[in-house]
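Per my numbering, the sequence shown starts with residue -1, numbered consecutively.
Glycine included, each C-beta is placed from N, C-alpha and C at the ideal position.
This report concerns only the one structure given below.
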Amino acid sequence: MITLHAFANMFPGGIGETKDIRIQWALEEMGLPYEIKALDYLGGEADSPAFSAISPFNQIPVLEDDGLVIAESCAILIHLAEKSACLMPADEAGRLRVIQWCFAATATVQPALSMIAMVDAGVMGKDPAAREFLVGLATRWLAGLERQLEGHDWITGDDFTIADITLADVLREIRETDLMDGYPNVKAFYARAFARPARRRARELTAERMGVDLGQIA
-1 MITLHAFANM FPGGIGETKD IRIQWALEEM GLPYEIKALD YLGGEADSPA FSAISPFNQI
59 PVLEDDGLVI AESCAILIHL AEKSACLMPA DEAGRLRVIQ WCFAATATVQ PALSMIAMVD
119 AGVMGKDPAA REFLVGLATR WLAGLERQLE GHDWITGDDF TIADITLADV LREIRETDLM
179 DGYPNVKAFY ARAFARPARR RARELTAERM GVDLGQIA
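So this is what it looks like as structure tokens:
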């Protein structure tokens, strides 16, 4: 049985923002049987010696699968795609293209978007110059995504993959801004991804697990 270590609770500003939902989304898309081990984050369970032994940075999510222990959401998604033979092309070129876009989403696009969200939330102060710099980076990444999405529905072509799960979840960071408004392909991609039944199911399960209203989960 696959076990996903996920959040049982979270401080108010972090509810609906956690990365465990992208893994549950993938599991729902793939139809793999799994169970959730919900961690009492507010009670310090993620900092326990037991969790430290499986998560190098005490970060959630972590996946356990038949003796394998995998941290980092991209690594988890790649493992699940290869295990299920779903959401990943069978040919090597297609496989590498999907992996490339998973890492592009998390290593290139996400840092600027996450920092914009933190500036807007007041976590990093209210420095207009810093936000302007970050928005400049974000628009460069969004322009690249806009070009990549021209003429097809998903980031690597016509088929939905784990790269789309990763990218859509990253774009969630700026959902309350107008940054996607100038990029119609990106905006349509985001709406299309979040309309998928498996994403809606993962959202419902996350709200249920965390004991919050559905409206609190993006």
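Distance from T1 to E33 at the Cβ level is roughly 5 Å; contact confirmed, criterion being Cβ atoms closer than 8 Å.
Rounded to the nearest angstrom, the gap between the Cα atoms of G12 and D64 is 31 Å. Contact between the region 118 to 127 and the region 91 to 108 is absent: fewer than 3 CB-CB pairs across the two stretches fall below 8 Å. Rounded to the nearest whole angstrom, the CA to CA distance from I114 to S82 is 35 Å. Distance from the CA atom of I160 to the CA atom of G41, rounded to whole angstroms, is 32 Å. In this structure, the beta-carbon distance from A110 to L132 falls below 8 Å. The region 4 to 19 and the region 142 to 158 do not touch, with fewer than three beta-carbon pairs separated by less than 8 Å. Apart from the 5 residues on each side of it in sequence, R173 sits with its Cβ closer than 7 Å to the Cβ of A216 in its chain, given in chain order.
Residues of the same chain with a CB within less than 6 Å of the CB of L135, apart from the 5 flanking positions on each side, are A110 in chain order. Relative to R20, the option among R95, A36, I74, E80 whose CA is nearest is I74. Between the alpha carbons of K17 and T175 lies a distance of about 20 Å.
For E62, the uninterrupted beta strand (DSSP E) segment begins and ends at 60 to 63.
Take the alpha-carbon of E171 and the one of T137: they are about 14 Å apart.
The three-state secondary structure of K185, taken from DSSP, is helix. Here E80 is exposed: its Cβ has fewer than 16 other Cβ atoms, across all protein chains shown, within 10 Å. Annotation for K35: T1, H3 place their beta carbon closer than 6 Å to its own, counting only its chain and skipping 5 residues before and after. If one requires a minimum length of 4 residues, the alpha helix (DSSP H) runs lying completely within the region 26 to 105 are 47 to 50, 71 to 82, 90 to 101, in chain order.
Distances from the CA of A200 to each of M178, P182, D167 were compared; the closest alpha carbon is that of D167. Annotation: A189 to T154 spans about 17 Å, alpha carbon to alpha carbon. For R194, the closest of M(-1), M28, E15 by C-alpha to C-alpha distance is M28. Under the three-state reduction of DSSP output, F5 falls in the strand class.
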